[in-house]
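The C-terminal residue of the sequence shown carries number 1193 in the working numbering, and the numbering is unbroken.
Cβ coordinates follow ideal geometry from the N, Cα and C atoms, glycine included.
Structure first, commentary second.
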Amino acid sequence: MTVPGAGPRASASRRRSVRHLAAGLAGMLGVLYLVLMFLVKDAESVPGATDSNTYGGYLFLAVAYLVGAALLATLDRRLVWVVGAAVQVLVLGFFVLFGVGVFGPGVFEYDALDDLSIQWWAAAATAGELVLLGLLGHLLLAPPPQQ
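Rendered as structure tokens:
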């Protein structure tokens, strides 16, 4: 006995829905990093605020997530999911290493960013990145639809 809606068409439709959900989340993360980039740029541009700048990193992340969103929305390819999941692991790893401050002062220790409540931005971005990693993992581990 077959279950209605459990055939190859339903599986492909479910995969497309997960893919589009992942694309939407990646797009939202890209916009979040763009907004954060402009806020950080303004905070760091105040004379004497800091002698280094971090907004280039936010720009890189914004572009990566926006390109990833476009690829997820338009391509139904395993390679996109593998690369996306690898990028998620790298971004989360770099956050632990550099954001939290394993190697030198972390992003939470810059006085120039005190007014941005950076911990809330980091929590939102990290939560979105973990969910995105889960969605990409689901796409990778789900069996391909039968032809």
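Here GLY1139 is exposed. Its C-beta has fewer than 16 other C-beta atoms within 10 Å.
By alpha-carbon distance to ALA1188, the top candidate from PHE1141, PHE1144, ARG1124, LEU1176 is ARG1124. Considering only VAL1129, ASP1122, VAL1128, ILE1164, the residue with the shortest C-alpha distance to PHE1141 is ILE1164.
Around the CB of LEU1186, fewer than 16 other CB atoms lie within 10 Å, so the residue is classed as exposed.
Contact annotation, ALA1173 with LEU1075: C-beta distance approximately 10 Å; criterion of less than 8 Å not satisfied. For VAL1109, the uninterrupted alpha helix (DSSP H) segment begins and ends at 1101 to 1120.
Distance from GLY1130 to LEU1118 at the Cβ level is roughly 7 Å; contact confirmed, criterion being Cβ atoms closer than 8 Å.
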